[in-house]
Amino acid sequence: MVRLDKRPRTDQVTTFIDIDYDCIQTPHNDAMVVTLTVANFEVNRVLIDNGSSTDIMFYDIFEKLKLGTNRLKPMDSPLCGFSGERVHEEGTIELLVTTGVAPQQSTIMVKFLVVKLPYAYNVIIGRPSLNFLSSVYTTS
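For the sequence shown, position 106 matches number 161 in the working numbering, and the numbering has no gaps at all.
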């Protein structure tokens, strides 16, 4: 049974130790890319993007998770890309996402916008989930 957090734990902090920085030259401006559990599957290449106004799942990983297009709900407002162009969305889906490792973990319901675009990442976690988790990241 998965425990769904009504309010994520704010007394626990995820930190990185020296070994986590083995392949990173500091100082850096690299993107934060993590692995999360989405719908009970480990999903790699998850971009943490506090500039994104929505949580996005790309169609390739949606298909690999075998979630079924019948679970997609229609989107009622358009999504605009970086240059202002309209991005076609397949729909939205709500899935459980677990961050962290027991005992320091939180499980929340995330409403993903599923889009069919080629992209280097599988998922983008944007401001909606970051705000709900009270998450802040810094590269300093």
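For glycine and all other residues, C-beta sits at the position ideal for the given N, C-alpha and C.
- Between Y114 and K171, the C-beta spacing is below 8 Å.
- R100 has its alpha-carbon roughly 21 Å from the corresponding atom of G146.
- When the Cα atoms are used, L188 and G106 turn out to be separated by approximately 16 Å.
- DSSP, read as helix, strand or coil, puts L102 in strand.
- With a 10 Å radius around the Cβ and a threshold of 16 neighbouring Cβ atoms, E144 comes out buried.
- Annotation: the continuous alpha helix (DSSP H) that includes K119 extends over Y114 to K119.
- In the DSSP assignment, L122 falls outside any beta strand (DSSP E), carrying neither H nor E.
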